[in-house]
Every structure is written in structure tokens, then in C-alpha cells.
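Residue numbers (the numbering used here), protein chains in the order written: chain F, 39 to 328; chain E, 572 to 692.
We put the beta carbon where it would ideally sit given N, CA and C, even for glycine.
Accompanying notes for the structure given below.
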């Protein structure tokens, strides 16, 4: 099968396009997929995580995936962030140090995820964030990874990738899995198979809502992420199955994707010039917690 | 040591490092302290050497205790020490969330059970 991929931006249309690729190849087994980039004139670097998750799932169905006709400009982006390394393209040196490279990490490999965060979220060309911002941001990334580890059942683990834009003082990072998605978790949890992807997203984004089975309460990770992004002035994008969500400046927007995107992808865009004091300054003392 | 002196449970020692970012590791802490609490021993959870804590870890380590013991029993037996103000704030939210969760476990999701979606393929 040959699939012509359009440009992939860091917007809903980028997720739509990758969802359509996933849908077109969903029944492919023991076969070949050639992803033709001839119509792809732009590719947002962090979205390589979503493409990686989509293709990883296809490969796990015993298909061979090839990537062809990648325009030079797009090649530069995807060779610098090492996405194309898995498809026999040579890596280009990231001389500006602005890339958070593409990695696929298994869900039980917290240590490797930790190494990725420590090595790439601060340092190189990304030294601008304050210590407090860097620390709270890392914590949010661990929360997103742990959400995937607990809920996704993603056989291929997660893919992560990011890009720092010095001029815009903005960092985009995406963590994508190819698991069962938020809808399936919520349907199981509520014993309601009629819940749509959008309602499942709405449910999951409420404080205290968690589909974790067993005796643990949960449902604070996404709430904490929203509170942080609200202060920071950044943006959250979540795509899961047919649901798409944006949180920006206190506004939440839910919309339907063009097709079923397997799993869940979370993109966090942060304002790296943020000087907010992130010390949570708890008004309670350690004696008053319980 | 008398029964009144708390047993110090060092979180970083139980987890094997300062990174407290998984629910699985939180469960280890829970499983380590639960027999002591059941015996009525006082436990002080020490966060010395802990570098990063997330809510998923604390939900498993501490949050689930509210499904196993009454609030006042936890208050009587469990204390926390060597913890940063940031982590106190997270822990407090986890505890409040756990109290709400176990108080409303039956009714928490009822409102959503009848929701019918219309957007799927």
C-alpha cells in the first residue's frame, strides 16, 4: 500500500492527517506500507512522536514500513530529531541543540524516560527555563508518561519528541502511545459502551476522575497539568481516538478528529521565558496533611 | 523503641532512589507500611532523598489508605517528614481527593453511566 502524507502541522489538521493514515492502514497485515512524503512540505518536529506511534502500531501487525520522497526541508527536521534514523536515513547533527530527539520507550522503562527528560529537557540549546519552571515541567512530563503506563496498554510503549524554538521562547513536546485510548478506558470503567471519544475526554479531564481499577484514587495528573499550563501561558493538545482537545488561556475546546487515531497523544507547549515562581507554597504544614 | 515512637519509613530507600514517579513504586511504599499501620504502629514517612514526586505515586502510596482506614486512624498513626513545601501541596491534594473518592465511590460515576455519544464512526 502507498500512502501520500500531506504536511503535518502542530494543529488539529496535523492530527487529522495522521488519524487518516492510521485509519487507511488499520487492516494492513503481513504487508508493506510506503509512506510517500512528496506532498509533505512541512512537518512539525514534535508530531514525529504521533507518526512514530501510528507507524509503530502498523509495524507490530507484521508490516514493513518504508518512507520515501521526503523533501529536503522536511528531511532536515526529521533527520535532526532522529525520527528517520529508524527508516535508514542518516542522522543530522543538531548543531543548535534545540531538538528533543525522537525516542520510543517501553511503558515499564521509567528509567529510560527519566534519562530522556534529564538529558533533553534542560541543557543544550534549552537552558533558558528557570530552575523552578524546569522542575515543575519535568514533573508534568512524568505524570503524562505514567498516565500512559497505567492506562494505555500500548504494546509499543510511547513515542516522545520535541522541539524548542528560541525565537518564540516556546517548547513543544509530544508523548504519544498507540494503545486503547481514553474512550476504551472510560467505557470499561463506566460500563457504558456508548460513551463517545469526546465525552470520554470530558470525563477524564475532570478532577478526581480516573479509570484506574483497584483501590487507588486518581485523576489529578491532568488537573495539575492544566493548572501549570494556565499559569505558564502554554497550551495542551490531547488527541485520543476520535476526540481532540485544546486547553489555552483557560479555554477548553473539544472537537472531533477526521478519523480514529489509535491511542492517546499529548502535546504540551510551554512558554520557556516564564518567570513565575512555581514554588507551590503550601499553606498547610506537614502536620496538617491528613 | 516504644510503640509511641514512630517507625521511620524512608520513601527513597523503599523505592530505591529519589524518583517517585510511578504508581508501581507508590504501591511498594503502601505495601511496606500497611502491616505496621494494621498493627497500630505509628509510621513517619520520610521524604529525605526524594527528588521528584507525582500524584500517581502518592495515590498508590498514601491515597488508597483512605479505603482501608478511617480518616482519624490515619491522622493518629501516619506522619510525614523531610518533605518540601511543593510536595506537601501535592500530598494535600492527593489526600483531599482520596477522601472525596472513598466517600462518594458509589455515586462518583453514576451521572455518566447513561450518557450516549453520537460521534463515533
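Within the DSSP bridge table, the entry for residue 41 of chain F names F:73 as partners. By the Cβ neighbour-count rule, residue 63 of chain F is buried, with 16 or more other Cβ atoms within 10 Å of its own. Counting along the chain, the unbroken beta strand (DSSP E) around residue 293 of chain F starts and ends at 289-309. Around the beta carbon of residue 594 of chain E, 16 or more other beta carbons lie within 10 angstroms, which makes this residue buried. C-alpha of residue 59 of chain F to C-alpha of residue 291 of chain F: approximately 24 Å in a straight line. C-alpha of residue 247 of chain F to C-alpha of residue 69 of chain F: approximately 40 Å in a straight line. By the Cβ neighbour-count rule, residue 609 of chain E is exposed, with fewer than 16 other Cβ atoms within 10 Å of its own.
Scanning its chain for C-beta atoms nearer than 7 Å, with the 5 sequence neighbours on each side dropped, one finds around residue 629 of chain E the residues 597, 661, 662, 665, in chain order. Residues of chain F whose Cβ lies closer than 7 Å to the Cβ of residue 612 of chain E do not exist, since the nearest Cβ in that chain is about 16 Å away.
The continuous stretches of alpha helix (DSSP H) do not include residue 316 of chain F, and DSSP gives it neither H nor E. Within the stretch 177-224 of chain F, the runs of beta strand (DSSP E) at least 3 residues long that lie entirely inside it are, in chain order, 196-203, 208-215. According to DSSP, residue 106 of chain F shares a beta bridge with F:74. Taking 8 Å as the upper bound on Cβ-Cβ separation, chain E lies near residues 176, 177, 180, 181, 183, 184, 185, 187 of the stretch 175-187 of chain F. Taking a beta-carbon distance threshold of 9 Å, residue 619 of chain E does not count as an interface residue toward chain F. Contact of residue 625 of chain E with chain F is assigned, a C-beta pair being separated by under 9 Å. Taking 9 Å as the CB threshold, residue 639 of chain E lines the interface with chain F.
For residue 590 of chain E, the nearest beta carbon of chain F is closer than 9 Å to its own beta carbon. For residue 284 of chain F, the three-state secondary structure derived from DSSP is strand. A Cβ-Cβ contact shorter than 9 Å links residue 108 of chain F with residue 127 of chain F.
Under the three-state reduction of DSSP output, residue 629 of chain E falls in the helix class.
Counting the other Cβ atoms within 10 Å of the Cβ of residue 98 of chain F gives fewer than 16, which makes it exposed. Residues of chain F with a Cβ closer than 7 Å to the Cβ of residue 582 of chain E do not exist, since the nearest Cβ in that chain sits about 13 Å away.
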